[in-house]
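What follows is a set of notes on a single structure, which appears directly below.
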Amino acid sequence: MEPTPLLLFAVTVLPLICTPGPDMLFIASQALNGDAAAGLRATAGVCTGYAVHSLLVALGLAAIIAASPWLFEALRWIGVAYLAYLAVRLIRSAMKTGSLGLQAAGRGGQFRRGLLTAVLNPKGMMIYFAILPQFMRADEPAAAQAMALSAIFIALCALVYAGLSVLLGLRRGRGGGFSDRRRRWVEGVSGGMVAIAALVLARD
Numbered sequence: 000m001e002p003t004p005l006l007l008f009a010v011t012v013l014p015l016i017c018t019p020g021p022d023m024l025f026i027a028s029q030a031l032n033g034d035a036a037a038g039l040r041a042t043a044g045v046c047t048g049y050a051v052h053s054l055l056v057a058l059g060l061a062a063i064i065a066a067s068p069w070l071f072e073a074l075r076w077i078g079v080a081y082l083a084y085l086a087v088r089l090i091r092s093a094m095k096t097g098s099l100g101l102q103a104a105g106r107g108g109q110f111r112r113g114l115l116t117a118v119l120n121p122k123g124m125m126i127y128f129a130i131l132p133q134f135m136r137a138d139e140p141a142a143a144q145a146m147a148l149s150a151i152f153i154a155l156c157a158l159v160y161a162g163l164s165v166l167l168g169l170r171r172g173r174g175g176g177f178s179d180r181r182r183r184w185v186e187g188v189s190g191g192m193v194a195i196a197a198l199v200l201a202r203d
């Protein structure tokens, strides 16, 4: 694949990765209630779970393209609509106050629980099917494109979540962490960026 769509894909998914969700909240709970190493083990589990999603999506998109290019195009527009929906949800959530609901977790099984958190998260699979087709060409091998884009997504997840684990591990006990103000700021900025991405992809 050419570098331009890969870079645009990275810019599109990065705000979604940075938005507090089941994966990030689980990793944060491990780092805050344990240490940075616990957060890193949870991160490894989550990234492994997304690798499973990657394989399923690569095979699924290849089958869809082979069966019907029109269906593939319909999937692209569903993806644009889903991005717009996510943007609205993020912006509305940023306007509300509320607790993040971080739960204390045990010391063991961070990797296993992280893997299950990612694999069993329907939002993760929906993001794959909604966003990846926006950056794929129907006249090129679908499986290879999906795997390349998935590798970027997993690498960004690993980078963001590992950095979060180290940061929260270092700040544990000093009152640092996920305040409601930080959460609202991140969701507001992320919602705006996702909305812009949806508009750009719709025009293309």
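Numbering-wise (numbering that gives the first Met the number 0), the sequence shown opens with residue 0 and increments by one. Beta carbons: idealized from backbone N, C-alpha and C, even for Gly. Computed from a predicted model, the values in this text were never measured in an experiment.
Only counting the same chain, and skipping five residues up and downstream in sequence, which positions put a Cβ closer than 7 Å to that of residue 8?
The residues are 134, 148, 151.
Mapping the DSSP letters down to three states, classify residue 20 as helix, strand or coil.
DSSP places residue 20 in coil when its eight states are reduced to three.
Could you pull the start and end residues of the alpha helix (DSSP H) that residue 111 belongs to?
Residues 109 to 118.
Nearest to residue 195 by alpha carbon, out of 33, 10, 156?
Per the Cα distances, 10.
With three or more C-beta pairs closer than 8 Å as the rule, is the stretch 132 to 146 touching the stretch 23 to 43?
Segments in contact, no.
Hey, residue 47 and residue 114 are a contact pair by Cβ (cut 8 Å); roughly how many whole angstroms apart?
Contact flag correct, Cβ pair sits at about 5 Å.
Indicate the three-state DSSP secondary structure (helix, strand or coil) for residue 47 in the structure shown.
It is helical.
I think residue 131 touches residue 16, with their Cβ atoms under 8 Å apart; what is that distance to the nearest whole Å?
Residue 16 and residue 131 do not touch by the CB rule: their CB atoms are close to 14 Å apart, not below 8 Å.
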